[in-house]
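Below is one structure, written out as structure tokens, with a few remarks after it.
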Amino acid sequence: MGATLPDYLARIPQIQIYPLPGVEREAVAQLSRALAEEPGLPNFLVMGVVPGEEVRRSLRHVSLENPLFFVEINNAPNHLSLAREAKLADRVLRFLTPAIFSPRLGKLSTVFVAGNADYLAAMEAVHFQLKGTPSASEAELLSYVLEQKLAGEADGQADPSIVLDPPYEGLTPGVNGDNILPALSRIIENRLSAIVSGKQEMIEKHVEGYTRKAEALLGRMQAHPAMPRMDQFATLSANVLLQELIVNAQSEEWQSQLLQSHLQAFIRHHPEYRLRNSLVVSGSSRTALGLLGFHCGIKEVVVTDLSWTYEHCFPSVCAVPLTPEFALDADAIIGTVREKLARDPRWNLSGAVAINNPHNATGQVFDEQELARLLRWLLEHDVFVVDDLSYQNVAPSTLLPGIKTLRQIADSMVREGLLGDEQADRVITVHSVSKTDCLAGARLAVVEIRHEEMSRRFRAINDAILPNIAAVYLTYLFYRNDIQSARAYWRLRNRILLERVETLMEAVKNLPEERNPFGIVITPPKGSMYPLMIIEKLPSGLSLEWLSSGLARQGIGMIPLGTFARTEQGFETGRKAFRLTLGGVDPVPALLKKTRRVLIDLNRMISEESANYNRRVFKVPAVLARRGGAVQVPGSERWRPVEEEIVRRCEALVKEGASAIPVELRQRQYLSAFTKDFVPERLALFRRRFEDRATIIGELTRRAVADQGKELAEILGREFHKDDFARRERVFQRRPYDRTVHPTQMYSIQTEALFERIIGLILRNQDVPLALPGSAAGELLREFFALNVAINSTEESEELILDLDSLLAAEQVAGLSGRKEPMFLSFWGDWDGSNRPSGQGHRLIASVLVENVTRLSRLVRLVAARDGSSGVDPKLLGEIEELSDTNRRFTRLLNEITSLTH
186 MGATLPDYLA RIPQIQIYPL PGVEREAVAQ LSRALAEEPG LPNFLVMGVV
236 PGEEVRRSLR HVSLENPLFF VEINNAPNHL SLAREAKLAD RVLRFLTPAI
286 FSPRLGKLST VFVAGNADYL AAMEAVHFQL KGTPSASEAE LLSYVLEQKL
336 AGEADGQADP SIVLDPPYEG LTPGVNGDNI LPALSRIIEN RLSAIVSGKQ
386 EMIEKHVEGY TRKAEALLGR MQAHPAMPRM DQFATLSANV LLQELIVNAQ
436 SEEWQSQLLQ SHLQAFIRHH PEYRLRNSLV VSGSSRTALG LLGFHCGIKE
486 VVVTDLSWTY EHCFPSVCAV PLTPEFALDA DAIIGTVREK LARDPRWNLS
536 GAVAINNPHN ATGQVFDEQE LARLLRWLLE HDVFVVDDLS YQNVAPSTLL
586 PGIKTLRQIA DSMVREGLLG DEQADRVITV HSVSKTDCLA GARLAVVEIR
636 HEEMSRRFRA INDAILPNIA AVYLTYLFYR NDIQSARAYW RLRNRILLER
686 VETLMEAVKN LPEERNPFGI VITPPKGSMY PLMIIEKLPS GLSLEWLSSG
736 LARQGIGMIP LGTFARTEQG FETGRKAFRL TLGGVDPVPA LLKKTRRVLI
786 DLNRMISEES ANYNRRVFKV PAVLARRGGA VQVPGSERWR PVEEEIVRRC
836 EALVKEGASA IPVELRQRQY LSAFTKDFVP ERLALFRRRF EDRATIIGEL
886 TRRAVADQGK ELAEILGREF HKDDFARRER VFQRRPYDRT VHPTQMYSIQ
936 TEALFERIIG LILRNQDVPL ALPGSAAGEL LREFFALNVA INSTEESEEL
986 ILDLDSLLAA EQVAGLSGRK EPMFLSFWGD WDGSNRPSGQ GHRLIASVLV
1036 ENVTRLSRLV RLVAARDGSS GVDPKLLGEI EELSDTNRRF TRLLNEITSL
1086 TH
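Under this note's numbering, the first residue of the sequence shown carries the number 186, and numbering increases by one thereafter.
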């Protein structure tokens, strides 16, 4: 209502934009009709004008009857905001620009947001993900303007003054001389002004015509690549330029000129970039990356693992591990891209590879030859390459290291004839000015895009972003210095980083060995500003996340390197390291003391925590460790046909439209992920479980044959031992642990139970019913969409039995590995009793009891069938035959009790 939204918002998926009429009453009527058509969907009314009192009341009633929220972008004063209406405080988000202080400040990029705290928290999180923290330079500029009262009057106009007529001072005063002569003078003045104004309009018309022609000619001259640009601010001092900025804060033309001067000065220091292909992005590098990912068609990006998060900037991210030495694995990246191109030959149109060198978070500088080899292969295959250049030539050193950027490497290969110009144009550089030049709070980056279509789309979006003009002003002042001065500043930056990293390493060196029992070392970064603190002797089972939380409670902030890991190898290589930073304002002596304190506290915390961990390591027999041992077990060859049949049934369900799944979930990407990713992953898990169980059976059989059944007899003796209550009570009191029962799981117990049944049938050399693969496929499909994962109280007993099976298998492996584990005795349920029937505990106990009795009965029947002289009481065998009916009656009784007490 009264607002015009940019076109790119309409291209965001799942957002529909409906323009409303300009007349307020008609807009409210159309809004009411639209809400009635889709009553269940949330709607947001963007308001660019302050509505009248009648419309305010109408909108309030509409909002109370429908899920309607208001987004005010009208700079409404507090008393005119809809948030002041009854019951609307939590339904209004207010975006306030600096124009609330003065219209002259309306083009400054700082925006205040007011509204519900939950909405603000979500917006704050997204803002940090896409733009970082708010620009400190913009906040400082606005604060300075307001404190110094430089914004002028709120309405931008001065009150008209009262003009006094000049007094008559003649020699011979007349009767009415004081009145007549001033009146005559005003008449003469007005006539002369009219004559001059007529001529002035004609002169100004000609001047404006000549000015337009001159500006057009100048624009064509400046657009020519061979014509050097003119910096109209080059002669202005910093103070004068600041005054100009404040006076022209509302002028888009003036801001555009400053942006152009900034680019000219920047490229004078970075001649590898082309001025006509470069532009300034406000919001740091992640803003530029987010524009590439969500507005310019790059849907997936391949990155190196242990990198700063890219998930907020691109719809899909594929991480490739670094080597164990944190080096670039060019072959692995090439292999990953080759696989993607093999699956989709057009992947290069929407996919890219992002390289961050020097690397955040490992502090590495990748080998230039490996980078060149990787870059050449990618560009030869027309793959976009994004150079996330946040730390160019940043390193702890007394010199500038001269680390080549991807643009410099690509241009070098073009000059050598290894690449063509069009191929090299697929390199996109995002150069973070704020980090490289130690202005992290400024939030500014320069982007070079030579690919024409990508550049066109990027500029169209970037033009809609108000520039961080204060950050542009500051960095322009820096880059308009001569090259020698800038390089001296960068060397000073590197020297400060060197002093700080040497201080960290000195703190480690000065720590006596007995005060550093876990071998904590600090490795300096080769590039960027992130040393690694590595705990060489980290005890098994200890988590750096836990340690960092403990340090945070003491006011010490450190990030585990594993936080940046996305792959198994990344977690393993980063498991023992913290990522530190060389930033901060502490002087060297204070930094030395603080580092020593951190080292001592960290060693103490590790020592205290490691005392709580007793990891049991036992040697697994070779026959159990060997993969594929299950192929020697009779019947194991029948697993693969069953698995293949389940895959066919899953594919058939998808082809038939997955009718068992709600319509809103039957989307192509979901069903594709089900057949391509989920089904193979789950079947691989169940296949491994089958192989493990088969291997255990094979080893138990081998041992029974080898010792002529002695060990088997001992096992059966323990199973059939008639226990007494006193011993049971004594053992229970000394039990080492309880097994927790908790009705929360990631996967479906129905799926687990079906595959347990299939595994059991195959291992017992029994036929798998034809219906089982189809049932398994159906449960897998429902499990993928989480339709059968939640369980009720009556199903918790089934979960208990499945958990018991897993525990017994683990006990068997421990026994075959030579470990005498204490017998498992008890489950523990952590229920609050608020939503479970009072008989639930009895039901769980009974389920385990019934399962144990059923399994013992199978053993008794097997012994009686194999050995007629075993002496099994025929009466007992008769009771066993009726056991299934007895169990059903008992279970029915439990169900009735549970339903009555629910």
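Just so it is clear, CB atoms sit at the ideal spot from N, CA and C, and this is done for glycine as well.
Handout entry: Length of the line joining the Cα atoms of residue 1088 and residue 448
Key = Given that the chain is displayed from residue 186 to residue 1087, the structure contains no residue 1088 and the question cannot be resolved.
Practice task
Look at residue 478 and residue 486 and say whether their C-beta atoms are less than 9 Å apart.
Solution key: In contact: residue 478 and residue 486 (Cβ atoms closer than 9 Å).
Practice task
Decide if residue 1084 is buried, meaning its Cβ has at least 16 other Cβ atoms within 10 Å, or exposed.
Solution key: Around the beta carbon of residue 1084, fewer than 16 other beta carbons sit within 10 angstroms, so the residue counts as exposed.
Problem - Cβ pair residue 235, residue 255 closer than 9 Å - result: With contacts defined as CB atoms closer than 9 Å, residue 235 and residue 255 fail to qualify as a contacting pair.
Practice task
Let me know if residue 710 comes out buried or exposed under the rule of 16 or more other beta-carbons within 10 Å of its beta-carbon.
Solution key: Under this definition residue 710 is a buried residue.
Problem - Distance between residue 643 and residue 480 (C-alpha atoms, nearest Å) - result: Distance between the alpha carbons of residue 480 and residue 643: 7 Å.
Problem - Which of helix, strand or coil DSSP assigns to residue 375 - result: The answer is helix: DSSP assigns residue 375 an H, G or I state.
Practice task
Within the same chain, show all residues whose beta-carbon is closer than 7 Å to that of residue 680, passing over the 5 residues directly before and after it, in chain order.
Solution key: 583, listed in sequence order.
Practice task
Could you tell me the boundaries of the alpha helix (DSSP H) in which residue 835 lies?
Solution key: Counting along the chain, the unbroken alpha helix (DSSP H) around residue 835 starts and ends at 824 to 840.
Exercise for the section: For residue 812, collect the residues of the same chain with a Cβ closer than 6 Å to its Cβ; drop the 5 residues on either side in sequence, then sort them by chain order. Expected result: Unreliable positioning characterises residue 812 in this predicted model, as indicated by a pLDDT of 49, which lies under 50. A coordinate reading is not provided.
Practice task
For residue 731, count neighbouring Cβ atoms within 10 angstroms of its own Cβ and tell me buried if that reaches 16, exposed if not.
Solution key: Residue 731 counts as exposed, since fewer than 16 other beta carbons sit within 10 angstroms of its beta carbon.
Exercise for the section: Would you check if the distance between the CB atom of residue 213 and the CB atom of residue 243 is smaller than 9 Å? Expected result: For residue 213 and residue 243, yes; Cβs fall inside 9 Å.
Practice task
Would you tell me roughly how many angstroms separate the C-alpha atoms of residue 1027 and residue 951, rounded to the nearest one?
Solution key: C-alpha separation (whole angstroms): 34 Å.
Problem - Residue nearest to residue 187 in terms of C-alpha spacing, selected from 858, 258 and 937 - result: It is 258 whose Cα lies nearest to the Cα of residue 187.
Practice task
With DSSP collapsed to three states, give me the class of residue 289.
Solution key: In this structure, residue 289 counts as helix in the three-state DSSP scheme.
Practice task
Indicate whether the contact test is met: 3 or more Cβ pairs, each with one atom in the stretch 460 to 471 and one in the stretch 309 to 326, closer than 8 Å.
Solution key: Three or more pairs of CB atoms, one per stretch, sit closer than 8 Å, so the stretch 460 to 471 contacts the stretch 309 to 326.
Exercise for the section: Given a cut-off of 9 Å, decide if residue 252 and residue 285 are closer than it, judged by their beta-carbon atoms. Expected result: Taking 9 Å as the Cβ cut-off, residue 285 and residue 252 do not qualify as a contacting pair.
Exercise for the section: Indicate the three-state DSSP secondary structure (helix, strand or coil) for residue 479 in the structure shown. Expected result: Under the three-state reduction of DSSP, residue 479 is assigned to helix.
Handout entry: Spatial distance of residue 738 from residue 766 (CA atoms)
Key = Their Cα atoms are separated by approximately 19 Å.
Practice task
Please state whether DSSP places residue 308 in a helix, a strand or coil.
Solution key: Residue 308: helix per DSSP, three-state reduction.
Problem - Whether residue 682 touches residue 580 by CB criterion (9 Å) - result: The Cβ atoms of residue 682 and residue 580 lie closer than 9 Å to each other.
Exercise for the section: Pull up the DSSP beta-bridge partners for residue 958, would you. Expected result: Among the bridge pairs identified by DSSP, residue 958 is matched with none.
Handout entry: Secondary structure of residue 456, DSSP reduced to three states
Key = Note: residue 456 maps to coil in three-state DSSP.
Exercise for the section: Using beta-carbon positions only, say whether residue 838 and residue 649 come within less than 9 Å of one another. Expected result: Contact flag unset, no.
Practice task
Would you please verify whether the beta carbon of residue 930 is less than 9 Å from any beta carbon of chain C?
Solution key: Looking at the structure shown, chain C is missing, and only one protein chain is on hand.
Practice task
Could you give the DSSP three-state label for residue 451: helix, strand or coil?
Solution key: If DSSP states are grouped into helix, strand and coil, residue 451 belongs with the helices.
Practice task
Answer yes or no: do residue 611 and residue 574 have a C-beta to C-beta separation smaller than 9 Å?
Solution key: Residue 611 places its beta carbon 9 Å or farther from that of residue 574.
Handout entry: Given 8 Å, three or more beta-carbon pairs between the stretch 289 to 299 and the stretch 323 to 339
Key = Contact between the stretch 289 to 299 and the stretch 323 to 339 is established, with three or more Cβ pairs separated by less than 8 Å.
Handout entry: Among 919, 428 and 789, the one whose alpha carbon lies nearest that of residue 1008
Key = That would be 919, whose Cα lies nearest to the Cα of residue 1008.
Exercise for the section: Kindly indicate the opening and closing residues of the alpha helix (DSSP H) around residue 640. Expected result: Note, residue 640: alpha helix (DSSP H), 637 to 647.
Problem - Unbroken beta strand (DSSP E) run spanning residue 463, endpoints - result: For residue 463, the enclosing beta strand (DSSP E) stretches over residues 463 to 467.
Practice task
Could you pull the start and end residues of the alpha helix (DSSP H) that residue 790 belongs to?
Solution key: Per DSSP, residue 790 belongs to the alpha helix (DSSP H) from 773 to 795.
Exercise for the section: Given a cut-off of 9 Å, decide if residue 875 and residue 948 are closer than it, judged by their beta-carbon atoms. Expected result: Going by C-beta atoms, residue 948 is nearer than 9 Å to residue 875.
Handout entry: Alpha carbon of residue 815 to alpha carbon of residue 719, nearest angstrom
Key = In this prediction, residue 815 scores a pLDDT of 39, lower than 50, which makes its location untrustworthy; the coordinate-derived value is nonetheless stated afterwards. Straight-line Cα distance between these residues: approximately 41 Å.
Handout entry: Cβ neighbour criterion (16 or more within 10 Å) applied to residue 417
Key = Counting of Cβ neighbours within 10 angstroms places residue 417 among the exposed residues, the total staying below 16.
Handout entry: residue 865 (DSSP reduced to helix, strand or coil)
Key = Note: residue 865 maps to helix in three-state DSSP.
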